[in-house]
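**Q** Those protein sequences? They're chains P and S, same order as listed.
Quick note, our numbering runs 24 ahead of the 1-based positions in the first sequence.
Quick note, our numbering runs 7 ahead of the 1-based positions in the second sequence.
Idealized CB from N, CA, C, for every residue including glycine.
Source: prediction; values computed, not measured.
Below you will find the structure I want to go over with you.
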Amino acid sequence: MSPSLVAMTIIFGIVLVGAITGIYSGFHRKMSLEQWTVAGRGFGLVFMWLLMAGEVYTTFAFLGASGWAYSRGGPTLYILAYLTLAYVISFFILPEIWEVGRKFEMHTSADFFRQRYDSPYLAALVAIVGVIFIVPYLQLQLTGLGIIVEVASYQAISRALAMLIAFVIVAGFVFASGIRAVAWVSVIKDVLMLVAAFSIGIGIPYHYFGGIRPMFYALTQAKAAHLTMPGSTAHMGHAWYVSTVLLTACGFYMWPHAFGSVFTAKSGDTLRRNAVIMPLYGITLPLLFFVGFTAILVIPGLKNGDLALLTMVRQTFSPWFLGLVGGAGALTAMVPAAVLILSAATLFAKNFFRPLFKPSMKDDEVAKLAKVMVVVMTGVALYFAIYSSTTLVGLLLLAYAGIAQFFPGVILGLCWRRVTTAGVFSGLLAGVGMAMILVFTKHDPFFGLNAGFVALCVNIAVTVTASLCTPAQPNGFKEQADAVAVGD
Amino acid sequence: MKKPPTGSLLLALIPFVAVCFSVPLWDRVYPLVLGLPFNFFWLICWIPLTSLCLWGAYRVQSRSQEKGAAR
C-alpha cells in the first residue's frame, strides 16, 4: 500500500468509528451530555483531567496555533493568555448568568437578552448576529478538515474536494445523531488528541534536535526576533497583544454554544469551581507551539503555515501515525462543527424566525426549519472555505470581533440598573458595524489595536451614552423576582 | 448582581496584570528558562498561578457568603 493510502484508510477508519459511535448513541436516548458529565464524577480525577485536557485541542489550537507559531511567531502567545483570562472573567459572570437562567428558564443567549431587555427584536438581533459570526468559526473547522485530507493524501485529493467530503460528513453526522452523539465521540477524540499532542510535541523536537531545549537554542541562534512580538508580522506588537487578549477573553463565553452550556450546569457554585481549575487544562497546549517552532527550522518556506504541523508529522513519522493524528484532527473538527451548527440552527429558528415571522409555529416545525438551516449554514461556510485564504487563527479572530460585541449587553445587563434596550440595541449595531467595516476595509489592526477591540470600545461608549439619553426602564430580571419575593 | 467582595476582584486582577497589561516587561527571549524563551516560560507559569488566584477568590467569596448567611 502506498503511504497516502495507509494514512487515508486510518483517517477514514477513525472518522467512521466516530460517526458510528455518534449515531449509535443517538439511538440510545440516555447518552445525554448531562449523563456524560454526571458519569464523569465516577471517572476519577485523573481520567477527568485527561478528558478535559483533550478538550482544549480544537482544530484552531491543533492546526491554527502551530501554524501561527510557524508563520507569525511571538503574537501567537496571545492564545495562552486569553484562554487563561477567559476563565477569570467566567468566574464572576457565569454564576450570575446561571442564576437568572434558572429563574426564567432560559436556553439560549438570545433568551437572556429577551428577558433582561424585554424586547423580542433585540433577542432576534442577538440571534442573527450570533448565527452570522458562527459561519467563520464553522469555516475554520471545514478548512481544517480540508487541510488534513490534503496533507494526508499527499496532495492527491484537492482541498476543495476534501472540504466537500467534510461538508457531507459533518451535515450527515448532525442529522443522524444530534447533540447526544457529541459527548461520546468527544471521549474518543480527546484521548486520541492527547496521545497525538504528547507524541508530536515532544517527539518532533527530539527527532530533529535531540529535545525541546536544543530546538529553542537553535531557533534563538537563527531567528530570535521571531519569538517575541511582533514576531514575523508588521503590526502585531504589544498594543495588538493587549487588545486581542482582552477582546477574546471577553468574547470566549459569548459564543451561543458556550453561553447555552452555562444553563446546563448543576449550580452557580459548580461554575465557579470549574473556573478555578479550567486554566490548568491548557497547560499542555504549548506542545503544539513546539511543533510549529521546530517546523521553522526544518521545513522553512511553507506558503500556508496551517500546513506546518501535519507536514512535519508526515515527514517525521510513518504513514499510519500520520493517519492517527489526521483522524484525531478530523474528529476534532467534526465535533465542534456539529455543536456549532446545532446551536446556530436552533438559535435561528427559535429566537429569530419564529418570533419575527411566524409566531404560530409549532415546535416540530421549528425543528424542521432548524434542520434546513443546518444544510444552509454548512453550505455557506463551505463556500467561504473554498474561496478565501485566511489563516485558521485569522478566521477565529474575525469571528471574535463579532461575537464579543454581546459582552456589554450581558455585563451591563447584570450589573448596571440604568442600561436600556435602546442603548444595547444601538451599541450592538455600532459595534458589529464598526468591526465589519474595519475588517473588510483591511484596517485590522487599526493603529496597532485589534479591530474587534476598537469596535468593542465603540460599542460600550454607544451603549452607555444611548442608555443615559433614554428614560430608565425596569430590569427584566427584577420584576418577577420581586413579585415572587424570595428573600436573598 | 451582588457586588463580588473587593478581595476576590483584586485577586482576579493579578492574572490580568501579569499576562496581559505587563507584556512589555516580559516579552523577551532571554534569559532562557528550562530551555524555553522567557515570554513563553512566563505565560506557562501563569497558567497554574491563575488557578491559584481564582482559588483564593473562591475562598474569599465563600467566606463572605457564609458571613452573609449568618447575619
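1) Would a check of beta-carbon distances place V26/S closer than 8 Å to chain P?
2) Taking the straight line between their C-alpha atoms, what separation do you get for V396/P and F115/P?
3) In the DSSP assignment, find the unbroken alpha helix (DSSP H) run with G447/P in it and report its ends.
4) Which one of P343/P, R183/P, M401/P and A332/P has the shortest CA to CA distance from L364/P?
5) For G14/S, would you say it is in contact with chain P, using Cβ-to-Cβ distances shorter than 8 Å as the test?
6) Please tell me whether S71/S has its Cβ less than 8 Å away from any Cβ of chain P.
7) I need the DSSP call for F470/P, collapsed to helix, strand or coil.
8) Would you say H262/P faces chain S, with C-beta separation under 8 Å as the test?
9) Less than 8 Å between the beta carbons of V30/S and Y265/P, yes or no?
10) Take L270/P and list the residues in its own chain whose beta-carbon comes closer than 7 Å to its own, dropping the five residues that flank it on each side.
11) Whether or not the segment 382–397 of chain P and the segment 411–423 of chain P are in contact is what I'm after, with contact meaning three or more pairs of Cβ atoms, one per stretch, closer than 8 Å; do they touch?
12) Taking contact to mean at least 3 C-beta pairs separated by less than 8 Å, is the segment 220–233 of chain P in contact with the segment 11–31 of chain S?
13) With a threshold of 8 Å between beta-carbons, can L17/S be considered close to chain C, or not?
14) If I follow the unbroken alpha helix (DSSP H) through M358/P, where does it start and stop?
15) Skipping 5 residues on each side, what residues in its chain have a beta carbon closer than 8 Å to that of V67/S?
16) What does L43/S pair with, by DSSP beta-bridge criteria?
17) Can you name the start and end residues of the alpha helix (DSSP H) that H281/P belongs to?
18) Given a cut-off of 8 Å on the beta-carbon distance, is the pair L380/P and A148/P in contact?
19) Give, in chain order, every residue of the segment 116–128 of chain P whose Cβ lies closer than 8 Å to some Cβ of chain S.
20) Could you tell me which of F317/P, V173/P, A186/P and Y141/P sits nearest to F501/P, measuring between CA atoms?
21) Of all the options L146/P, F233/P and G292/P, which has the alpha carbon lying nearest to the alpha carbon of G125/P?
22) So with Cβ pairs under 8 Å, would you call V67/S a contact of chain P?
23) Taking only three categories from DSSP, how would you classify Y232/P?
24) Taking the alpha-carbon positions, what's the K382/P to G455/P distance?
25) Report the three-state DSSP secondary structure of A258/P (helix, strand or coil).
26) I believe P22/S touches T108/P by the beta-carbon criterion, under 8 Å. Please report the beta-carbon distance rounded to the nearest angstrom.
**A** On the basis of the coordinates in this document:
1) yes
2) 36 Å
3) T445 to F464
4) M401/P
5) no
6) no
7) strand
8) yes
9) yes
10) F477
11) no
12) no
13) This model lacks chain C altogether, as its protein chains are P and S.
14) P343 to L371
15) P12, G14, S15 and L18
16) V40/S
17) P280 to V286
18) yes
19) F116 and E120
20) Y141/P
21) G292/P
22) no
23) helix
24) 29 Å
25) coil
26) 6 Å
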